[in-house]
Amino acid sequence: MRWNFIVQRDQSMAVLGIDFGTSNSAAAVARDGAAHMIALESGEMTLPTAVFFDFDRKKMLIGGAAGAALLAGDEGRYMRALKSLLGAPLMREKRNLLGEKLDFIDIVSRFLGQVKAAAEAQTGETFTRALSGRPVRFHPDDARNAQAEVDLREAYMRAGFEDVAFMYEPEAAALANREVLAQGDLGLIVDIGGGTSDFTLFRNGADGIDILGSYGVRLGGTDFDRIVSLETVMPLLGRDSEIRHAFGNETHTAPTTIFNDLATWQKIQFLYAPDSRRLAKDLLQYAVEPAKLERLISVLDDELGHDIAFAVEAGKIGANTTGAGEIDLRVIERGLAVVLQAQTVEELLLPSTAEMAQAALVTVAQAGALPEDVTHLVFVGGSSLMQVTRTALGAVFPSAQVHHGSALTAIVDGLGLAAEGAFA
Ligand SMILES: Nc1ncnc2c1ncn2[C@@H]1O[C@H](COP(=O)(O)OP(=O)(O)OP(=O)(O)O)[C@@H](O)[C@H]1O
Ligand SMILES: [Mg+2]
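Numbering (the working numbering), first residue to last: 1079 to 1502.
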């Protein structure tokens, strides 16, 4: 398969390239053979993929504004990592938000609609077509993987686009980074994002790139956050804590689902329903360590799940950057914090990064190549900044030269470049 970037530009058919990421989104158009990024929010080129239904102001905020409202403790409903819900039956369940009955496709569509509006305001053009990135696999299950694209397409349509084409995210990154390769070189894009890890084996050509194969797994930085949270923060809230039986002296370990959900970005919002609070109160009644379960109850009552997720993410990045990070949990309790050593993070994430490295090897094998044929590894995606992913991936391609593409914008650069040609 071949992706070209030099095409005749037709003004009547402006195409917007959109990287709808699990954690961050971005948009770009092609201008004179180069990608031109759209500033989506106060001059920022990337926008957190987040929404906040503000109950006081009666409106939906997106991006950084949504995060700011959450951190300010404003009354409302925050949602992040919506991409991870694509393909699940609950995408089409309606819920009451700000007096409207909306399903999650509507919510994604309103997010995309605001991206479209920002692009149109900036360029003066009307975008009826989108070239959207997508992970090679949204989900390991084939049916859910297919449904995820159906859902995302529908969100684009509801946002006012008339047509949408999809491009594998790592193929877009390959197009953006093609100049890393000289003739004869064989490059492997390693895109470790928030929700998925995606790989493309490619060669550079005169006016485009040749794709030899692409593959991906549903594993990314939000999974890193979940694992770190489960092992370091959730025990403070009663995970693995003993609960007495109502009769007799026997105990059992607290059920794990509630802690799993609280540690998972896209599931946090569902925990604020009455049944989770009821479960937490039942656990407290028979808890061997009631102080921990009391914390869990206050987290659910005060809706602090996303605050914890942000604290965990900051701790993870801090540990990776400086060798020791801190998960600051003062929102739960004065002085509560977890010190996170880089080595702890590395040990916790080792099984995940081994799975990512395995997926990279599958990509190469499926294309009929050998690991030693790969001359260049090109890292993109926010989680490629984690030392532990670089080490794991570097180890399976020891002879490849390592190149770091722009972590958060490589995919949208490629989508911008390919946008016009996608409908040619
Ligand atoms: N400096 C950093 N060090 C380590 N991890 C980081 C850093 N900056 C961001 N991340 C992580 O990168 C992830 C987001 O990366 P990115 O924006 O590439 O994902 P995405 O494109 O939104 O997701 P996907 O492509 O999987 O849908 C988050 O999990 C975030 O915690
Ligand atoms: Mg991405």
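For each residue, glycine too, the CB sits at the ideal point set by N, CA and C.
In this text, all values refer to a predicted model and were calculated from it rather than measured experimentally.
### Query
Going by C-alpha distance, which of 1479, 1500 and 1455 is nearest residue 1270?
For residue 1270, the nearest C-alpha among the options comes from 1455.
### Query
What number of angstroms, rounded off, separates the C-alpha of residue 1122 from the C-alpha of residue 1252?
Their Cα atoms are separated by approximately 23 Å.
### Reference residue 1291, options 1429, 1298, 1277 and 1302, closest by Cα
That would be 1277, whose Cα lies nearest to the Cα of residue 1291.
### Query
Whose C-beta lies closer than 6 Å to the C-beta of residue 1374 among residues of the same chain, with five residues either side of it excluded?
So the qualifying residues of the chain are 1315, 1316 and 1358.
### Query
Ordered along the chain, which non-local residues of its own chain (more than five positions away) have a Cβ less than 7 Å from that of residue 1238?
Same-chain partners within the cutoff: 1191 and 1194.
#### Entry: Selected residue, minimal CA-CA separation from residue 1567, among 1496, 1304 and 1422
Shown here, the chain extends from 1079 to 1502; a query on residue 1567 therefore has no answer.
### Message
Using 8 Å as the threshold, is the C-beta distance between residue 1423 and residue 1268 below it?
### Response
Against a cut-off of 8 Å, the Cβ pair of residue 1268 and residue 1423 comes out as no contact.
### Query
Who sits around ligand 2, taking every residue whose Cβ is closer than 5 Å to one of its heavy atoms?
Those residues having their beta-carbon less than 5 Å away from any non-hydrogen atom of ligand 2 are, in chain order, 1099 and 1271.
### Query
Can you tell which of 1108, 1275, 1158 and 1109 has the C-alpha that lies nearest to the C-alpha of residue 1471?
The option with the nearest alpha carbon to residue 1471 is 1275.
### Message
Short of 6 Å in beta carbon distance, which residues of its chain neighbour residue 1153, apart from the five on each side in sequence? Order them along the chain.
### Response
For residue 1153, where only same-chain residues beyond five positions count, the Cβ hits under 6 Å are 1133 and 1134.
### Query
For residue 1169, does the three-state DSSP call read helix, strand or coil?
DSSP places residue 1169 in helix when its eight states are reduced to three.
### Task
For residue 1461, verify whether its CB is less than 7 Å away from any heavy atom of ligand 1.
Proximity of the beta carbon of residue 1461 to ligand 1 is indicated: a heavy atom of the ligand is located closer than 7 Å.
### Message
Report the start-end ranges of each beta strand (DSSP E) in the segment 1396-1462 that is 3 residues or longer and not cut off at the edges.
### Response
Within the segment 1396-1462, the complete beta strand (DSSP E) runs of at least 3 residues are 1402-1406, 1415-1419 and 1454-1458.
### Message
Quick check: the segment 1280-1299 against the segment 1317-1332, are at least 3 beta-carbon pairs closer than 8 Å?
### Response
The segment 1317-1332 is not in contact with the segment 1280-1299.
### Query
Between residue 1273 and residue 1345, is the Cβ-Cβ spacing less than 8 Å?
No. Outside cutoff.
### Query
When the Cα atoms are used, what is the spatial distance from residue 1232 to residue 1183?
Rounded to whole angstroms, the separation of the alpha carbons of residue 1183 and residue 1232 is 7 Å.
#### Entry: The beta strand (DSSP E) enclosing residue 1480, as first and last residue numbers
If you look at residue 1480, you'll find it in the beta strand (DSSP E) that goes 1479-1482.
### Query
In whole angstroms, what separates the C-alpha of residue 1096 from that of residue 1421?
One C-alpha to the other measures close to 36 Å.
### Message
Going by C-alpha to C-alpha distance, which of 1459, 1364 and 1380 sits closest to residue 1350?
### Response
With distances taken between CA atoms, residue 1350 lies nearest to 1380 out of 1459, 1364 and 1380.
### Task
Compare the beta carbon distance of residue 1100 and residue 1334 with 8 Å and say whether it is the shorter of the two.
No, the Cβ-Cβ distance between residue 1100 and residue 1334 is not below 8 Å.
### Message
Could you give the first and the last residue of the continuous beta strand (DSSP E) run that contains residue 1268?
### Response
Unbroken beta strand (DSSP E) run through residue 1268: 1265-1270.
### Query
Taking 7 Å as the cut-off, is the CB of residue 1464 close to at least one heavy atom of ligand 1?
Yes, Cβ of residue 1464 sits closer than 7 Å to a heavy atom of ligand 1.
### Query
Does at least one heavy atom of ligand 1 sit under 7 Å from the Cβ of residue 1122?
No; taking the cut-off as 7 Å, the Cβ of residue 1122 has no heavy atom of ligand 1 nearer than that.
### For residue 1243 and residue 1475, believed in contact at Cβ under 8 Å, the rounded distance
Contact between residue 1475 and residue 1243 fails: their C-beta atoms lie close to 31 Å from each other, not under 8 Å.
### Query
How long is the line joining the alpha carbons of residue 1188 and residue 1256, rounded to whole angstroms?
When rounded, the distance between both Cα atoms is 33 Å.
### Task
Find the nearest neighbour of residue 1045 within the set 1219, 1209, 1214 and 1131, judged by alpha-carbon distance.
Residue 1045 is absent from the model: the chain starts at 1079 and stops at 1502.
### Query
Since residue 1329 is in the beta strand (DSSP E), which residue starts that stretch and which ends it?
For residue 1329, the enclosing beta strand (DSSP E) covers residues 1329-1331.
### Bridge partner(s) assigned by DSSP for residue 1119
Answer is 1122, bridged to residue 1119.
### Minimum C-alpha distance to residue 1094 - residue among 1120, 1265 and 1196
Nearest of 1120, 1265 and 1196 to residue 1094, Cα basis: 1196.
### Query
Since residue 1107 is in the beta strand (DSSP E), which residue starts that stretch and which ends it?
For residue 1107, the uninterrupted beta strand (DSSP E) segment begins and ends at 1102-1109.
### Query
Pick from 1112, 1441, 1451 and 1214: whose alpha carbon is nearest that of residue 1263?
The shortest C-alpha separation from residue 1263 is found at 1451.
### Task
State the DSSP-derived secondary structure class of residue 1379, mapped to helix, strand or coil.
Look at residue 1379 here: in three-state DSSP terms it is helix.
### Reduced DSSP category for residue 1132 - H, G, I as helix; E, B as strand; rest coil
Secondary structure at residue 1132: strand, using DSSP grouped into helix, strand and coil.
### Task
Let me know the secondary structure DSSP gives residue 1293 once reduced to three states.
In the structure shown, residue 1293 sits in a strand (DSSP, three-state: E or B).
### Query
In whole angstroms, what separates the C-alpha of residue 1098 from that of residue 1487?
Their backbone Cα atoms lie some 12 Å apart in a straight line.
### Message
I'd like to know whether the C-beta atoms of residue 1171 and residue 1142 end up nearer to each other than 8 Å.
### Response
No, the pair does not count as a contact, with Cβ atoms beyond the cut-off.
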